[in-house]
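**Student:**
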Amino acid sequence: MLPERSHPVILFDGVCNLCSGAVQFIIKHDHKKLFRFASLQSKFGEEVMKHFRLSINQYNSFILLEDGKIYTCSTGALKVAKRLKGLWSLSYCFIAVPRFIRDSVYNLIARKRYNWFGKKETCWIPTPELKNLFIEE
247 MLPERSHPVI LFDGVCNLCS GAVQFIIKHD HKKLFRFASL QSKFGEEVMK
297 HFRLSINQYN SFILLEDGKI YTCSTGALKV AKRLKGLWSL SYCFIAVPRF
347 IRDSVYNLIA RKRYNWFGKK ETCWIPTPEL KNLFIEE
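Residues 247 to 383 (the working numbering) make up the sequence shown, in order.
#1: Between L324 and the rest of its own chain, which residues show a CB-CB distance below 8 Å, the 5 nearest in sequence each way excluded?
#2: What whole-angstrom Cβ distance do A251 and L311 have, given they're in contact under 8 Å?
#3: Taking just the CA atoms, how far does G291 sit from F271?
#4: What does the alpha-carbon distance come out to for the pair I302 and R357?
#5: Roughly how many angstroms lie between the CA atoms of K331 and N361, to the nearest whole one?
#6: Using the three-state DSSP reduction, which class does L310 fall into: helix, strand or coil?
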């Protein structure tokens, strides 16, 4: 059983340059400091994956954990974008596109992300100022 969280949690691939960049982008545009973050490789990330019976060996999805439910791939990303400051929230209109189409594009990028954007040897470490936004358990 996962503990209740008062903030939505974004799980991301901590060694992926694209994913780490996306987290930094979200932090910059999340003026209410609504979201918390954890890498999929963290103990918490692995617990979430196990709880929802997702493959621990497959770190290719963006996962939004909110109110005891998970939203993956394009749906998770669009639900996050909806809450960002500025015009980014307008991208939520793409939720009207059938999920199989949205996720096809998402999955293509997810499969190629290391080739296109690179990969780190270790997970991205947040600065001391941002550390309170990350779950380290």
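We put the beta carbon where it would ideally sit given N, CA and C, even for glycine. Source: prediction; values computed, not measured.
**Tutor:** The relevant details are as follows:
#1: Within the sequence shown, the letter at position 78 stands for residue 324. S337, Y338, F340, I341, R348, listed in sequence order.
#2: Taking the first residue of the sequence shown as 1, we reach residue 251 at position 5. Taking the first residue of the sequence shown as 1, we reach residue 311 at position 65. The question names Ala, but residue 251 in the sequence shown is Arg. With a Cβ gap of about 7 Å, R251 and L311 count as contacting.
#3: Indexing the sequence shown from 1 puts residue 271 at position 25. Indexing the sequence shown from 1 puts residue 291 at position 45. Answer to the nearest angstrom: the Cα atoms are 20 Å apart.
#4: In the sequence shown, the residue the question calls residue 302 occupies position 56. In the sequence shown, the residue the question calls residue 357 occupies position 111. Each residue's Cα considered, the two are about 16 Å apart.
#5: Indexing the sequence shown from 1 puts residue 331 at position 85. Indexing the sequence shown from 1 puts residue 361 at position 115. K331 and N361: Cα-Cα distance of roughly 30 Å.
#6: The count along the sequence shown starts at 1 and reaches residue 310 at position 64. L310 falls in the strand class under three-state DSSP.
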